[in-house]
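Report on the following structure.
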Amino acid sequence: MAQYFDNVSLPSEIKKVSIRILNTTLEISTDNGVFSKNKLDFGTRLLLENLPLEEIKGKILDVGCGYGPIGLYLKKATDCEVDMCDVNRRALHLAKMNAKANKLDVTIFESNCYENISSIYDVIITNPPIRAGKKVVYEILMNAKEHLTEDGMLFFVIHKDQGAKSTISDLEKIYNVTILEKNKGFFVIKCINR
Ligand SMILES: C[S@@+](CC[C@H](N)C(=O)[O-])C[C@H]1O[C@@H](n2cnc3c(N)ncnc32)[C@H](O)[C@@H]1O
-1 MAQYFDNVSL PSEIKKVSIR ILNTTLEIST DNGVFSKNKL DFGTRLLLEN
49 LPLEEIKGKI LDVGCGYGPI GLYLKKATDC EVDMCDVNRR ALHLAKMNAK
99 ANKLDVTIFE SNCYENISSI YDVIITNPPI RAGKKVVYEI LMNAKEHLTE
149 DGMLFFVIHK DQGAKSTISD LEKIYNVTIL EKNKGFFVIK CINR
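First residue of the sequence shown: -1, per this note's numbering; consecutive thereafter.
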């Protein structure tokens, strides 16, 4: 888990990239020690490009926000209220810088899974931290239920080599699950809290 928690000792080397997702552009600063620092991750892009934006309303939580592409994109592409959290302090610092640089009014804070989350959300979205292990991934996916409104939606992306199929069948026990897209082994999943 060193890559998520112990990164403050890595020398900082901020890099600026312009990220275009469908019709939305974000000016992003990234750095050493954060996920997918050179460009938007393929799985994250697939997730965002396949979201049913017309269904996304109200209050959103981006769990494991990294430098912020998911939450910042959704703030720019919808009129939703957006909260974003992570355990990686460097990622949180970048996400705050990026929100400011793109003039997006979002709330960004530290939280290990849902530890510091007291609100209820219409949408929870994540590209989950596979490298943190199955326990953390399952905590984020399964316990989303406790933080979703009735009929609230959880969206996430997962690769077949990261246990997509077994994860989907475990989630089907507690949610209504739909596969929105499959591409290069990645699955984009929508779970409805019913
Ligand atoms: C796959 S990355 C996704 C980052 C960003 N959302 C993106 O799509 O580029 C997963 C993120 O989850 C964060 N993370 C790891 N363990 C976590 C935990 N226990 N609670 C919350 N976030 C965690 C990592 O620091 C990392 O930023």
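Cβ atoms here follow ideal geometry from the backbone N, Cα and C, with glycine treated the same way. All figures in this text were calculated on a predicted structure; none of them were measured in a lab.
- At a cut-off of 7 Å, the beta-carbon of residue 106 does not count as near ligand 1: no heavy atom of the ligand is closer than that.
- Contact between residue 103 and residue 55 does not hold, since the beta-carbon distance rounds to 17 Å and is not under 8 Å.
- Taking all protein chains in view, the Cβ of residue 19 is crowded by 16 or more other Cβ atoms within 10 Å, so the residue is classified as buried.
- When secondary structure is reduced to three states using DSSP, residue 172 falls in the coil class, being assigned neither helix nor strand.
- The alpha helix (DSSP H) runs lying completely inside the stretch 60 to 105 and spanning 4 residues or more are 67 to 75 and 87 to 99, given in chain order.
- Taken from the Cβ of residue 39, at least one heavy atom of ligand 1 lies inside 7 Å.
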